[in-house]
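Sequences listed follow chains W and P, in order. Residue numbering for the first sequence follows the numbering used here, starting at 3 and increasing by one per position. Residue numbering for the second sequence follows the numbering used here, starting at 9 and increasing by one per position. All residues carry an ideal CB built from backbone N, CA and C; glycine is no exception. What follows is a single structure, written as structure tokens, with notes after it.
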Amino acid sequence: MKIWRKVLTLVLAATMTFLLVACGSKGATEETKGGTTPSATKAPQKQDITLSFMAGQDWIQDAEIELGKKFTEETGIKIDYQIVPSDQYTSLIMTKINTGECTDLFGGQSGKFDIVTQYNIEKNAVDLSGESWAKDVDPLVAAELSVNGKLYGQPMQDVSNVWAVAYNKKIFAELGLSIPKNYAEFKQICDKILAAKKTPIYECVSDGWHHVLWLPEAAVQAEVATPGLFDKLNSNSTTLAQDPTMKLILSQVKEDVDAGYWGDDYMSNTYADSAKNIASGKYVMTLANQGFGAEVNKVDPKFSADDIGYFVIPLADNQTLNVNPSGPSRFIFSGSKNAEAAKKYLAFMASADSLKYMTEKVSKFNKLPYTNAPSKYTDTIKDFYSRYPNQKTVLQTSVKYVNPQWMDIGKNMSALLLGEMKPDEVLAAIDKTRNEQAKAAKDSAWSK
Amino acid sequence: MNKKKVYPIYFVFGALLLYIVLFVIPSLIGIAYSFTDWSSYSDKLNFVGLDNFKLVFSSDENYMAIIKNTLKFTFITTILKNVLGLVLALLLTKSIKFLNFHRGIMFMPSILSTLIIGMIFKSILDPSGGLLNTFLHSVGLGFLAGKWLVSSELAFGSVMAVDIWRGTGYIMTILIAGILSISTTYYEAASIDGANAYQKFRYITFPLLLPTLATTTVLNIIYGLKVFDMIYALTNGGPGKTTTEVLYTAVFKKFATGQYAVGTALSTVMFLFMVVIGVFMIKIMTKDEVVE
């Protein structure tokens, strides 16, 4: 009996030791598996690797997933797309990056200031300057993805688009409405639409990011009204709360909501339903970019893409085109064991064939920011761009520490809509977070 | 076998070592970090004393509202889950048809993933096209339809309601086990003495169930203080600034923005809450414990 007990104890102890050793050495074996050892490079062309790619909702298009399948067929490298709801994405990806457990590829907003302060991109992403496609990226867009002359990301969306008010041309014609040239005219339009028992604006606060656009996109008017404002904000010599135009924009947003221009369901509406709701005729306008016409056409073929027109956000009487060379981009996580495979994926996505496929299949893409990408601008879109000769780059790209707090601004703005905060409190909150981030980043303009 | 044999102390060393390495040391390191300026922006670590705690308790910040929300969530869900769980446990220990089927149905929500429940309820509680409001409108109760998850008045209540729905079955199951372990002889004796159903509950079931209730209460309180996934999936702390923000969602967001030190300070505050409440609860609930 005793001897059996001893044997059993020994077996159990051995099993336990084996398990502990196995757990401890797991990382090491994986590392050698994924690394580019000489034998790995000599391996047959098809590789048994699965790349993980995390991005926010609406960033990875169905067409990209289709291309991903083609990529797998060609190379054997599988792509595991992890798509996260927009309102949760920023916190999730930042936690993953900060804890060093990020996916091989991750989606992030470009912006020459923010990729440094928010993503610490030099440390957390792989340098892509030497890639074959790097020279094809539009220089303005590449500048937003570069630090010290090195390119760290690959643009994944059309950034020639601007966020503007997209409107249903048919309803505008029926009600005898024309494009507003100032805020007063915009209000008159909204009142007439309300009188016709339709909701003027489709807005979707539940996504957490879309309703934010009204402020930083229309903020180009603040720069027009106070030239040099953006530079002063970057040099920490003024604050957003001190600027009367910024306050006016927020007050007018609140005024529009209170007047019922956003309807009843703006808090729970979703961005994914925008095209459907505009196509239904229940809503007449929404903030969208210039691929929106094609999206509405996709939902309802009776609608032609040209039935949707565009005008700039007329808050604070803005008439300046709000351009933005930054947008969602792909990055390779520096801690990825599959960086070489990920580079292959990026090269595949930037090939002329893939760019053509993406432009054809994704209705909202008109021209991807690559020299070898095709263009499909319609007359309506050309007309829209030519209507506004003055252009300014939007607040979140021109001013530091705005983009990283986008979702927080969203929370504060929804608090404004619910009546929990006032416009100057929202602006003060943005200033406060800017200060915190600047100090944490040891920004010289803040240490004076 | 000698049942009274006292095992030597070194038998505990293995488990103790693992526990210390995996739980105690990380917890202590976490607490230590809350006194520094640890962030993702800088590799240098400086001792900042109680600065992070001053920030957590300062009136300019929302952390007090977040702590209040967490305590409110814990208090209300604990009471309601226990009460509803007890009622269901009493009903489902009677001889009724399809007993196990009913128990299974009630227990079902507990085995579903919280994130999936969150997503389903987000759709059910959608004010314009959600199942609940559509149903209310279709039966002529349209005036009861509300903006469940997106208005500052209803959001917190809605989140708690979903959580109570999810957690009651689990509590019920523990309480059923507790009730079934009470010897039937007490009830037989009480029946002979002419006790009615209420008296049996008041003087037999309830006192003998107290240790089980103490367990479920402690479980609920710990769950409530640590709640994250349900809030994250349903409202992510919104609508507005802090309507449904709780400690763990706030800690998560601090880590996301790279403000690790403030995050660990918040975790430390939460840890203290849990220790104090936990010890207090166990003392109170086991004071008058009836031993069978």
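At the level of alpha carbons, what is the spacing between residue i and residue j?
i: valine 287 (chain P); j: phenylalanine 209 (chain P); result: 28 Å
i: threonine 322 (chain W); j: proline 391 (chain W); result: 8 Å
i: tyrosine 285 (chain W); j: threonine 201 (chain W); result: 5 Å
i: methionine 127 (chain P); j: aspartate 89 (chain W); result: 13 Å
i: serine 276 (chain W); j: phenylalanine 55 (chain W); result: 26 Å
i: serine 160 (chain P); j: aspartate 82 (chain W); result: 37 Å
i: leucine 96 (chain P); j: valine 86 (chain W); result: 37 Å
i: leucine 242 (chain W); j: leucine 252 (chain W); result: 12 Å
i: threonine 43 (chain W); j: lysine 137 (chain W); result: Since pLDDT at threonine 43 (chain W) reaches only 39, below the 50 mark, its modelled position is unreliable, and the value read off the structure follows with that caveat. When rounded, the distance between both Cα atoms is 26 Å.
i: threonine 82 (chain P); j: lysine 89 (chain P); result: 10 Å
i: threonine 247 (chain W); j: alanine 281 (chain W); result: 33 Å
i: isoleucine 28 (chain P); j: phenylalanine 21 (chain P); result: 10 Å
i: threonine 52 (chain W); j: tryptophan 61 (chain W); result: 20 Å
i: threonine 74 (chain W); j: aspartate 64 (chain W); result: 15 Å
i: lysine 189 (chain W); j: leucine 250 (chain W); result: 15 Å
i: proline 182 (chain W); j: leucine 289 (chain W); result: 15 Å
i: glutamate 205 (chain W); j: threonine 395 (chain W); result: 23 Å
i: lysine 172 (chain W); j: leucine 94 (chain W); result: 42 Å
i: arginine 436 (chain W); j: asparagine 340 (chain W); result: 35 Å
i: methionine 114 (chain P); j: alanine 197 (chain P); result: 32 Å
i: threonine 257 (chain P); j: threonine 251 (chain P); result: 12 Å
i: tyrosine 273 (chain W); j: isoleucine 292 (chain P); result: 51 Å
i: leucine 53 (chain P); j: serine 47 (chain P); result: 8 Å
Quick check on residue i: does DSSP put it in helix, strand or coil?
i: serine 67 (chain P); result: coil
i: alanine 169 (chain P); result: helix
i: valine 86 (chain W); result: strand
i: glutamine 147 (chain W); result: Strictly speaking, residue 147 (chain W) in this sequence is leucine, with glutamine absent from that position. It is coil, neither helix nor strand.
i: tyrosine 372 (chain W); result: strand
i: serine 416 (chain W); result: helix
i: alanine 220 (chain W); result: helix
i: serine 356 (chain W); result: helix
i: glycine 311 (chain W); result: strand
i: methionine 423 (chain W); result: coil
i: isoleucine 81 (chain W); result: strand
i: glutamine 398 (chain W); result: helix
i: alanine 24 (chain W); result: For alanine 24 (chain W), the predicted structure reports a pLDDT of 43, less than 50, and the residue's modelled location is therefore unreliable. A value from the coordinates is still provided. Of the three classes helix, strand and coil, the one that applies to alanine 24 (chain W) here is helix, per DSSP.
i: phenylalanine 2 (chain W); result: Within the shown structure, residues of chain W are numbered from 3 to 450, placing residue 2 (chain W) beyond reach of any answer.
i: tyrosine 263 (chain W); result: coil
i: lysine 152 (chain W); result: strand
i: phenylalanine 379 (chain W); result: What sits at residue 379 (chain W) in the sequence shown is tyrosine, not phenylalanine. Looking at tyrosine 379 (chain W) - three-state DSSP - the assignment turns out to be coil, as it is neither helix nor strand.
i: alanine 290 (chain W); result: strand
i: threonine 82 (chain P); result: helix
i: aspartate 64 (chain W); result: helix
i: serine 228 (chain W); result: Looking at the sequence provided, one finds threonine at residue 228 (chain W) rather than serine. In this structure, threonine 228 (chain W) counts as coil in the three-state DSSP scheme.
i: alanine 348 (chain W); result: It should be noted that the sequence gives leucine, not alanine, for residue 348 (chain W). Three-state result, leucine 348 (chain W): helix.
Smallest Cα separation from residue i: which of the options?
i: tyrosine 206 (chain P); options: P:Val32, P:Ile84, P:Leu98, P:Leu88; result: P:Leu98
i: isoleucine 179 (chain P); options: P:Leu94, P:Gln267, P:Leu188, P:Leu218; result: P:Leu94
i: lysine 152 (chain W); options: W:Tyr273, W:Leu130, W:Gln398; result: W:Leu130
i: leucine 429 (chain W); options: W:Ala440, W:Lys413, W:Ile99; result: W:Lys413
i: serine 338 (chain W); options: W:Ile67, W:Gln393, W:Gln111, W:Val128; result: W:Val128
i: phenylalanine 236 (chain P); options: P:Ile74, P:Thr223, P:Phe31, P:Val283; result: P:Ile74
i: threonine 380 (chain W); options: W:Gln393, W:Ser365, W:Pro371, W:Ile203; result: W:Ser365
i: threonine 44 (chain P); options: P:Met282, P:Tyr268, P:Ile285; result: P:Tyr268
i: phenylalanine 214 (chain P); options: P:Gly186, P:Asp201, P:Leu227; result: P:Gly186
i: serine 278 (chain P); options: P:Gly138, P:Gly148, P:Thr78; result: The question names serine, but residue 278 (chain P) is methionine in the sequence shown. Among P:Gly138, P:Gly148, P:Thr78, the Cα nearest to that of methionine 278 (chain P) belongs to P:Thr78.
Show which residues of chain P have a CB atom less than 7 Å away from the CB atom of residue i.
i: leucine 420 (chain W); result: Ser160, Pro247, Gly248
i: aspartate 258 (chain W); result: Result: empty, since nearest Cβ-Cβ is about 18 Å, beyond 7 Å.
i: aspartate 89 (chain W); result: Asn244
i: serine 416 (chain W); result: Gly246, Pro247, Gly248
At 8 Å on the CB atoms, spell out the chain W contacts of residue i, in chain order.
i: tyrosine 256 (chain P); result: Those within 8 Å of tyrosine 256 (chain P) in chain W number zero; the least Cβ separation is about 12 Å.
Run down chain W in chain order and give the residues with a C-beta less than 7 Å from the C-beta of residue i.
i: phenylalanine 260 (chain P); result: Ser93, Thr97
i: phenylalanine 263 (chain P); result: Thr97, Asn100
Name, please, each residue of chain P whose Cβ falls closer than 8 Å to the Cβ of residue i.
i: serine 208 (chain W); result: Val158
i: proline 413 (chain W); result: The identity of residue 413 (chain W) in the sequence shown is lysine, whereas the question assumes proline. Within 8 Å Cβ-Cβ: Gly245, Gly246, Gly248, Lys249.
**Message:** Which residues of the segment 145-158 of chain P have a Cβ closer than 8 Å to any Cβ of chain W? Give them in chain order.
**Reply:** Hits within the stretch, in order: Lys155, Leu157, Val158.
**Request:** Anything in the segment 424-437 of chain W with a Cβ closer than 7 Å to a Cβ of chain P? List those residues in chain order, please.
**Result:** Legend: CB atoms of the segment 424-437 of chain W lying less than 7 Å from CB atoms of chain P are not found in any residue.
**Message:** Along the segment 15-48 of chain P, where does the CB come closer than 8 Å to a CB of chain W? Name the residues.
**Reply:** Residues of the segment 15-48 of chain P with a Cβ closer than 8 Å to any Cβ of chain W, in chain order: Ser47, Ser48.
**Request:** Give the residues from the segment 125-142 of chain P that approach chain C closer than 7 Å (Cβ to any Cβ), ordered along the chain.
**Result:** The structure shown contains no chain C; its protein chains are W and P.
**Asked** the segment 140-158 of chain W: which residues have C-beta closer than 8 Å to a C-beta of chain P, in chain order?
**Response** Within the segment 140-158 of chain W, no residue places its CB atom closer than 8 Å to a CB of chain P.
**Item:** Interfacial residues, the segment 266-278 of chain W to chain P, with Cβ spacing under 7 Å
**Value:** Against chain P - using a Cβ distance shorter than 7 Å - the residues of the segment 266-278 of chain W are Asp267, Met269, Ser270.
**Request:** Could you please tell me which residues of the segment 48-68 of chain W, in chain order, have their CB closer than 7 Å to any CB of chain P?
**Result:** Hits within the stretch: zero.
**Request:** Please name the residues in the segment 162-182 of chain P whose beta-carbon is closer than 9 Å to at least one beta-carbon of chain W, in chain order.
**Result:** Interface annotation for the segment 162-182 of chain P against chain W: empty, criterion Cβ-Cβ distance under 9 Å.
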